[in-house]
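Numbered by mature numbering (1 follows the signal peptide of the UniProt record, and there is no 0), the letters in the sequence shown go through residues -20 to -1, 1 to 443 in order. For every residue, glycine included, the Cβ atom is placed at its ideal position computed from N, Cα and C.
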Amino acid sequence: MRKSTGAILSLALMAGSALAATPDHQDAAHQALDLAEKSIALRSVAGDGNQTPQVAALFRDALIKGGFAPADVVITPYKDTAYLIARWPGSDPALKPLVISGHMDVVEAKASDWTHDPFKPQIENGYLLGRGSTDMKLDDTLAIAALLELKKEGYKPRRDIILEFSGDEETTMATGAIIASKLANAELVLNMDGANGTLDEKTGKPDYFTWEGAEKTYADFRLTVTNPGGHSSEPRAVNAIDELAADLLHIQQHRFKPELNDLSRSYFVNAARWQKPDIASAMKAFAANPSDEKAIRTLSADPAFIGRIGTTCVVTMIDGGHALNALPQRATANINCRIFPGHPRAAIMEELRQAAHDPGMTIEDVTEGSVETAASPMRPDVVQAIEHGMHVAYPGVPVFAAMSSGASDSMWFRSHGVPSYGISPIFIKNSDSFMHGLNERTPVSAIAPAMEDLLVLIPDLSH
Ligand SMILES: [Zn+2]
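Structure below.
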């Protein structure tokens, strides 16, 4: 496998050289791929046999071999997982550290459902296949190999560079919260778990790169309706399941106010040209006026866009009744919300309560493992550094901001007031993105330019 890997990567690097990847960094690109394969082979899934601690050991060994002081690479066990924090000391202790963030765990994957064993990494037709190839072991190892390459080249950061990997981002996110509280003094975070470049579906050429400066807040609210119940042969006017069903329909019909922030405006204005004409004109119209009804209708009708224009809430589970022949005494439902940055969960819960319009219904916040966060500012130094790195890797590629509809460890840092930016430099076709799904894969040709990007971006923000 190593042999085929080398051959294919060299081809990819040659193809990538047209995109300005200098061949001097071949070794670093190779190391990133090699470490990615080794870490994909470790089943770092929450639960029995979780091999996240072994991934941490693999990464620690690589860092120490590449010049990190052993005392500066610390693995902390936590329940069935572990997290890693590595420090590269800067020359000016007065400066706050630059944090580079990732996670080592992956979402469960069943070998029987995949075309290949998800935990036996393979390279086929130019793709690295395996669970974690996209989310996000290759990103982790790109960061590791980039730092080691900088060390090899004699780079001396002025501010500390801290590389950290959480161990349960895909489940409870507890270690991400711990890491962020330990590093709450950071200047800013570059999160490798977020953003990406988009390749054209037909030509495979880079279309654009979006970085992320905000994400929506995850929330779960439980609705409950209770009723004295009784025998089903003697129905009453009020039935807990009927009542909850009516409440749910009211909530379904409720529309949260469409909203725009600096990041989503940048996205709509810049990304419109790659969309179908109706979506493109709706994006531009919405960016100019977030009250534009026609634009709101068009964007709301598309699942890829409805989450970008405001808070969304949807019923995800229901439970009710206790016997086939009894009037239900209780009915509950879970409403899952993705809240636009800047709103407290309590405010959204209150809006849902009013939308349901039922004094007999109770609503409670049952969210676990989430904090509400505002958007990170579009700092000129960060925006420039991201553009600089990308333009070295992919000259002329459009670069702009976006907001993520998912949640990542960035939320923990943002909750401490530390700006956090998703910057994964991997370019991929939308149709190749199988994060969390079957047959996850990432084009090997993305590795060399990603390395070029990091080798510019990291020094720009730490020198
Ligand atoms: Zn991830």
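Would you say the beta carbon of residue i is closer than 7 Å to some non-hydrogen atom of ligand 1?
{"i": "Glu149", "result": "yes"}
Can residue i be considered in contact with ligand 2, in the sense that its beta carbon sits closer than 7 Å to one or more heavy atoms?
{"i": "Lys237", "result": "Because ligand 2 does not appear in the structure shown, any question about it cannot be addressed here, the ligands present being ligand 1."}
So, residue i versus residue j, is the Cβ gap smaller than 8 Å?
{"i": "Arg23", "j": "Gln31", "result": "yes"}
{"i": "Asp440", "j": "Thr347", "result": "no"}
{"i": "Lys132", "j": "Ile20", "result": "no"}
{"i": "Glu192", "j": "Tyr401", "result": "yes"}
{"i": "Pro238", "j": "Gly287", "result": "no"}
{"i": "Ile204", "j": "Thr342", "result": "The question names Ile, but residue 204 in the sequence shown is Thr. Contact flag set, yes."}
{"i": "Thr121", "j": "Ala16", "result": "yes"}
{"i": "Asn207", "j": "Pro339", "result": "no"}
{"i": "Val424", "j": "Tyr107", "result": "yes"}
{"i": "Val53", "j": "Ala66", "result": "yes"}
{"i": "Met153", "j": "Gly349", "result": "yes"}
{"i": "Ala260", "j": "Phe266", "result": "no"}
{"i": "Leu64", "j": "Glu149", "result": "no"}
{"i": "Gly209", "j": "Ala335", "result": "no"}
{"i": "Met370", "j": "Val377", "result": "yes"}
{"i": "Lys76", "j": "Arg139", "result": "yes"}
{"i": "Pro357", "j": "Pro399", "result": "yes"}
{"i": "Ala381", "j": "Phe407", "result": "no"}
{"i": "Arg318", "j": "Lys196", "result": "yes"}
{"i": "His5", "j": "Glu129", "result": "yes"}
{"i": "Val372", "j": "Asp433", "result": "yes"}
{"i": "Asn241", "j": "Pro321", "result": "yes"}
{"i": "Ala9", "j": "Ala428", "result": "yes"}
{"i": "Asp227", "j": "Met172", "result": "no"}
{"i": "Ala51", "j": "Ile124", "result": "no"}
{"i": "Met263", "j": "Ala281", "result": "no"}
{"i": "Ala26", "j": "Thr155", "result": "no"}
{"i": "Ser442", "j": "Ile142", "result": "no"}
Beta-carbon of residue i versus every beta-carbon of chain D: anything under 8 Å?
{"i": "Leu64", "result": "Here there is only one protein chain, and chain D is not present."}
Report task. Could you please go through the chain and list the residues whose beta-carbon is closer than 5 Å to any non-hydrogen atom of ligand 1? Result -> Asp115, Met116, Asp173
Query raised in the report: Counting pairs of beta carbons, one from the stretch 413 to 423 and one from the stretch 89 to 106, are three or more of them closer than 8 Å?
Result: yes
Requested in this report: Kindly confirm or deny that the stretch 220 to 228 and the stretch 174 to 181 touch, where touching means at least three C-beta pairs closer than 8 Å.
Outcome: no
Query raised in the report: Do the stretch 97 to 108 and the stretch 162 to 169 make contact, defined as three or more Cβ pairs closer than 8 Å?
Result: no
Report task. Quick one: which unbroken beta strand (DSSP E) runs of 3-plus residues sit fully inside the stretch 49 to 96? Chain order, please. Result -> 53 to 58, 61 to 68, 78 to 83
Query raised in the report: Touch check for the stretch 268 to 283 and the stretch 234 to 251: three-plus C-beta pairs under 8 Å?
Result: yes
Query raised in the report: Are at least three pairs of beta-carbons, each pair with one atom in the stretch 387 to 405 and one in the stretch 351 to 367, less than 8 Å apart?
Result: yes
Report task. Quick one: which unbroken alpha helix (DSSP H) runs of 4-plus residues sit fully inside the stretch 199 to 281? Chain order, please. Result -> 220 to 233, 242 to 251, 257 to 268, 273 to 280
**Report entry** Contiguous beta strand (DSSP E) assignments of at least 3 residues, all confined to the stretch 386 to 432
**Finding:** 400 to 402, 407 to 409, 421 to 423
Query raised in the report: Taking the runs of the beta strand (DSSP E) that are 3 residues or longer, which of them lie wholly in the stretch 150 to 209?
Result: 168 to 171, 176 to 179, 186 to 195, 197 to 206
**Report entry** Those runs of the beta strand (DSSP E) which lie wholly inside the stretch 334 to 377 and span at least 3 residues
**Finding:** 341 to 345
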